[in-house]
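A.B. asks:
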Amino acid sequence: MDNSSTLHLALPAVHTAASATAPPSLAQPRAFSTSVNPLVFFSILDHYLRRNAGQDRVIGTLLGVRSEDGSEVEIKGCYPVPHLETEDQVEVDMEYHRTMFELHKQVNPKEVIVGWYATGAALNSYSALIHDFYQKEVSSFHAVHLTMDTALTNERLGVKTYISAPVGITSKADNCMFIPIPCDVKYFKAERAGLELLANAKSTESGSTTLLSDMDNLEQSVIEVQKMLERVSEYVDSVLAGTVPANNTVGRYLMDTVSVVPKVDAAEFEKMFNSHLQDLLMVIYLANMTRTQLAVAKRLEKLM
Amino acid sequence: MPSNKELSAALDIEGTVPIHSVQLDAMVVLKIVKHCRESIPATVTGQLMGLDVNGVLEVTHSFPMPKNNQDSEDDASNYQVQMMRCLREVNVDDNSVGWYQSTNMGNFMNQSLIEHQFEFQQALSKSVLIIHDVARSSMGNINLRALRLTPAFMKLYKEKKFTTEALTKAKLTFSNIFEELPITIRNTALLTALLYELETADESVEVSTSHLTTYKSTASAPANKSVLAPSFDVLDLSLDPYVAKNLENLMDTIDDHHQEQGNYAYWQRSVERENKKKAAYLLNRKTENARRTASGQTALADEDVDAMFKAPAEPSRLDHLLISGQIDNYCKQINEFAGPTLGKLFAVGELQK
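Each protein sequence line maps, in turn, to chains A and B.
Here the first sequence is numbered in UniProt numbering, starting from 1 and rising by one per residue.
Here the second sequence is numbered in UniProt numbering, starting from 1 and rising by one per residue.
(1) What is the rounded straight-line gap between the Cα of B:I130 and the Cα of B:I32?
(2) Going by other Cβ atoms of all chains shown within 10 Å of its Cβ, with 16 needed for buried, is B:E203 buried or exposed?
(3) Can you tell which of B:E179, B:Q117, B:I323, B:Y264 has the C-alpha that lies nearest to the C-alpha of B:P312?
(4) Identify the contact partners of B:D328 in chain A, using a Cβ-Cβ distance below 8 Å as the criterion.
(5) Can you tell me the Cβ-Cβ gap for A:H131 and A:P80, rounded? I've got them flagged as a contact below 8 Å.
(6) So B:Y79 contacts chain A; which residues on that side make the cut at Cβ distance below 7 Å?
(7) Taking contact to mean at least 3 C-beta pairs separated by less than 8 Å, is the stretch 53-66 of chain A in contact with the stretch 109-123 of chain A?
(8) DSSP on residue 323 of chain A, reduced to helix/strand/coil?
(9) Identify the residues that DSSP records as bridge partners of A:V81: which are they?
(10) Give the residues of chain A in contact with B:K171, contact being defined as C-beta atoms less than 9 Å apart.
(11) Check whether the Cβ atoms of residue 354 of chain B and B:V128 sit closer than 8 Å, and answer yes or no.
(12) List the whole-angstrom C-beta distance separating A:H142 from A:F32, where the pair is believed to meet the contact cut-off of C-beta under 8 Å.
(13) By the 10 Å Cβ neighbour count, where 16 or more other Cβ atoms means buried, how is B:K216 classified, buried or exposed?
(14) What's the gap between the Cα of B:T163 and the Cα of B:H320?
(15) Given that A:Y117 touches chain B, what residues does it touch there, using C-beta distances under 8 Å?
(16) Using 8 Å as the Cβ pair cut-off and three pairs as the minimum, do the stretch 84-97 of chain B and the stretch 41-49 of chain B touch?
(17) I'd like to confirm the pairing. Which residues does DSSP put opposite B:G98 in its beta bridges?
(18) Beta-carbon of B:L351 versus every beta-carbon of chain A: anything under 8 Å?
(19) From this set, B:I19, B:T173, B:S102, which residue's C-alpha is nearest B:E180's C-alpha?
(20) For B:T209, count neighbouring C-beta atoms within 10 Å of its own C-beta (all shown protein chains included) and say buried if the count is 16 or more, exposed if not.
(21) Once you ignore the five residues that flank B:N246 on each side, which residues in its own chain have a CB closer than 7 Å to its CB?
(22) Considering B:Q23, what are the terminal residues of the beta strand (DSSP E) in which it resides?
(23) What do you reckon, are the CB atoms on A:I223 and A:T34 nearer than 8 Å?
(24) Go ahead and label A:D265 buried or exposed: buried means 16 or more other beta carbons lie within 10 angstroms of its beta carbon, across all protein chains shown.
(25) What did DSSP end up calling B:G106 once you bin it into helix, strand or coil?
(26) Taking DSSP's pairing of strands, which residues face B:A146 in a bridge?
(27) Could you tell me the distance, in whole angstroms, from the CA atom of B:N187 to the CA atom of B:L24?
(28) Just the Cα atoms here: how many angstroms apart are B:M84 and B:Y100?
(29) Indicate whether A:T210 and B:T184 have their beta-carbon atoms separated by less than 8 Å.
(30) So for B:F162, helix, strand or coil by DSSP?
(31) With DSSP run on the structure shown, which of helix, strand or coil describes A:P245?
(32) Report the three-state DSSP secondary structure of B:S62 (helix, strand or coil).
(33) Could you please tell me which residues of the stretch 308-319 of chain B, in chain order, have their CB closer than 8 Å to any CB of chain A?
(34) A:L280 and B:A244 - do their beta-carbons sit closer together than 8 Å?
(35) Looking at the structure shown, is B:S316 part of a helix, part of a strand, or coil, going by DSSP?
(36) Counting pairs of Cβ atoms below 8 Å between the stretch 266-286 of chain A and the stretch 336-350 of chain B, do you hit three or more?
See the structure below:
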């Protein structure tokens, strides 16, 4: 990032080296950052897979919510927008964009347009034009541009988020610089369980997996915990044997973790354990009795 | 490129191959979870799209339906038509294959759901209903079920005759209303790459934040900070909220069941009364006739007895079926919950020693 003093960057303080030139009293004191729901990535990939033959890049709109002062943007959803890119011009179907936004608003009235996405890592003048269009849509706040490198350069699906700032002498639409901003991944707890399930699939041949019953899920978690404990105890053993240099922070952290296990008096624990167990067993018994009753009624009805 | 014969066999134009399993795209799973989670405690619905191939129903896309109840039918179908048209432009399969609904604690067996599913299945024989249980999914495992109405039930529903003898003839009980299909989840290759990437920790700790940064855990452990670092929600020991709610629902449903029984018993009693009255009247007639013939008068004509003593119609047993099914569902849920909980309990016991 060129820190030439002749560049006039009108931007909020961001976490890049470029911010060294921007005086700290400029604009918002807090950093401009985004967080993304993993669903957005999945949708982008899906759209990319469905693109028309001959299309290199696909674009779409990002929807989300932003905090009150506009510095934190949470990208929650997206939808694809058809566009056409030729050598000398680019067309974006604005009508479609508006219609889809209206439809989406019916379901999620709180989500607003926060930016746009594109696949492919390159940022060219078309990006600047499209970004300008989206900036008009977003009005008073900065529009966010997210790129996903589907060509897998550097063997990574690099995801980058940018905002743009005008640069240069004249303020033409394509005179702008894209400034990268930090991006987090945020999701609900339930989605996390879904992600783990999907992650299971990645090791299978065909990329598919079945739903796990609760028992199986528990078994997997317990195995995970066991593995972690094994790793930790191996580490501790090797430190004691002197093969691995001791690390104070790690040691202290381990001690904290182990001491979190509550030390309950044995008799107390027996009582708690038994009462908990009894509650559970009683409920199971009643539930099973109800089921048996229904089953008997079912058989009787059949006989009638 | 598969030959025409193979392709038409796969696409099953006549609709003869029954569906035996459902394959969901990974994106659909996440979309359903996100939509349902955002709208608790209200239940929400949405449409599924995809294609059925060789007896497997592949669901490739979904979109949520707006949940305003006051809207007329037109608005909802308008939304749907517009949405499908837009999606077609971006090459999404716009073939509707079913719908999904969120539920809380498994209380989804009611009339409106059955009606909706019936209409859907009438229109499209290859359709499926996906139920996502939001409450159960917060305990570390996604809960999705794919259901269809059985053909026997569909036939009976069409005729709308739910008398006891019709039910016994069709051998229909509460466990036969729905048939459940196994679900598999599919990831595309790019998606697999994405999942791998999310899992590996971010090596570049420098200030440049151009990579995908990792999810900051609150414990700030020196261990891996990747997005898919293991979470242990499933090892939570709390018993009360889930079981208590389940039991509450169970008791409510049993109350409903009791009421249903009461109605049925009332009907039976009224039939008995009618029958008794009919018998008494016939007896009266007979004695009357005997008296009259004995005294030489003509016997009274046999009136249409049945028209006079009309037995009231049997109440529909559909509610009874649904309620029993619901009770069964709750009990099964308790069982399924209890299994892992017992395991966890004993694990903690061992840990304490």
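Where a beta carbon is used, it is the ideal one built from N, C-alpha and C, also for glycine.
A quick note: this is a predicted structure, and the numbers were derived from the prediction, not measured.
C.D. replies: On the basis of the coordinates in this document:
(1) In the second sequence, the residue the question calls residue 130 of chain B occupies position 130. In the second sequence, the residue the question calls residue 32 of chain B occupies position 32. B:I130 and B:I32: Cα-Cα distance of roughly 9 Å.
(2) As a working mapping, residue 203 of chain B is identified with position 203 in the second sequence. With a pLDDT of 33 at B:E203, under the threshold of 50, the modelled position of this residue cannot be trusted; read the value that follows with caution. Classification for B:E203: exposed.
(3) As a first step, residue 312 of chain B must be located in the second sequence, where it is residue number 312. Minimum Cα distance to B:P312 is reached at B:Y264.
(4) Your numbering for residue 328 of chain B matches position 328 in the second sequence. Per Cβ cutoff of 8 Å: R291, L294.
(5) Your numbering for residue 131 of chain A matches position 131 in the first sequence. Your numbering for residue 80 of chain A matches position 80 in the first sequence. That belief does not hold up - the Cβ atoms of A:H131 and A:P80 are roughly 17 Å apart, past 8 Å.
(6) In the second sequence, the residue the question calls residue 79 of chain B occupies position 79. The contacting residues are L103, Q106.
(7) yes
(8) In the structure as shown, chain A begins at 1 and stops at 304. Residue 323 of chain A is therefore absent and cannot be evaluated.
(9) Counted from its first residue, the first sequence places residue 81 of chain A at position 81. Note: A:V81 sits in a beta bridge opposite A:I59.
(10) In the second sequence, the residue the question calls residue 171 of chain B occupies position 171. The contacting residues are K302.
(11) Chain B is shown only over 1 to 353; residue 354 of chain B falls outside these bounds and no answer can be derived.
(12) On the first sequence, position 142 is the one that residue 142 of chain A refers to. On the first sequence, position 32 is the one that residue 32 of chain A refers to. Indeed they touch by this definition, with Cβ atoms about 7 Å apart.
(13) Residue mapping note: residue 216 of chain B aligns to position 216 of the second sequence, counting from 1. Note on B:K216: pLDDT 32, under 50, position unreliable in the model; no value is reported.
(14) As a position in the second sequence, residue 163 of chain B is number 163, starting the count at 1. As a position in the second sequence, residue 320 of chain B is number 320, starting the count at 1. In a straight line, the C-alpha of B:T163 is about 11 Å away from that of B:H320.
(15) Locating residue 117 of chain A in the first sequence gives position 117, where the first residue counts as 1. Chain B residues near A:Y117: none, gap ~13 Å exceeds 8 Å.
(16) yes
(17) Here residue 98 of chain B is taken as the residue at index 98 of the second sequence, counted from 1. Per DSSP, B:L48, B:V128.
(18) Taking the first residue of the second sequence as 1, we reach residue 351 of chain B at position 351. Cβ-Cβ to chain A under 8 Å: yes for B:L351.
(19) Here residue 180 of chain B refers to the residue found at position 180 when the second sequence is read from its first residue. Minimum Cα distance to B:E180 is reached at B:I19.
(20) By 1-based counting over the second sequence, the position of residue 209 of chain B is 209. No answer about B:T209 holds up, because its pLDDT of 30 lies below 50 and its placement is not dependable.
(21) In the second sequence, counting from the first residue as 1, residue 246 of chain B sits at position 246. Counting only Cβ-Cβ distances below 7 Å, and skipping sequence neighbours, we find M105, Y330, Q333, I334.
(22) What you label residue 23 of chain B is simply residue 23 of the second sequence in a count that begins at 1. Unbroken beta strand (DSSP E) run through B:Q23: 21-25.
(23) Within the first sequence, residue 223 of chain A is the residue found at index 223, counting from 1. Within the first sequence, residue 34 of chain A is the residue found at index 34, counting from 1. No.
(24) Walking along the first sequence from the start, residue 265 of chain A turns up at place 265. The residue in question, A:D265, is exposed, as its Cβ has fewer than 16 Cβ neighbours within 10 Å.
(25) Walking along the second sequence from the start, residue 106 of chain B turns up at place 106. B:G106 falls in the coil class under three-state DSSP.
(26) What you label residue 146 of chain B is simply residue 146 of the second sequence in a count that begins at 1. Note: B:A146 sits in a beta bridge opposite B:I130, B:L181.
(27) In the second sequence, counting from the first residue as 1, residue 187 of chain B sits at position 187. In the second sequence, counting from the first residue as 1, residue 24 of chain B sits at position 24. In a straight line, the C-alpha of B:N187 is about 9 Å away from that of B:L24.
(28) Stepping through the second sequence from its first residue, residue 84 of chain B is reached at position 84. Stepping through the second sequence from its first residue, residue 100 of chain B is reached at position 100. Spanning the two alpha carbons is a distance of roughly 16 Å.
(29) For the purposes of this step, residue 210 of chain A is taken as the residue at position 210 of the first sequence. For the purposes of this step, residue 184 of chain B is taken as the residue at position 184 of the second sequence. Yes, the pair counts as a contact, with Cβ atoms nearer than the cut-off.
(30) Along the second sequence, read from residue 1 onward, the residue named residue 162 of chain B stands at position 162. Residue state, collapsed to three classes: coil.
(31) Translated into positions along the first sequence, residue 245 of chain A becomes position 245. Note: A:P245 maps to coil in three-state DSSP.
(32) On the second sequence, position 62 is the one that residue 62 of chain B refers to. B:S62: strand per DSSP, three-state reduction.
(33) none
(34) The sequence position of residue 244 of chain B within the second sequence is 244, counting from 1. The sequence position of residue 280 of chain A within the first sequence is 280, counting from 1. Result no, Cβ atoms of B:A244 and A:L280 do not sit closer than 8 Å.
(35) Within the second sequence, residue 316 of chain B is the residue found at index 316, counting from 1. B:S316 falls in the coil class under three-state DSSP.
(36) yes
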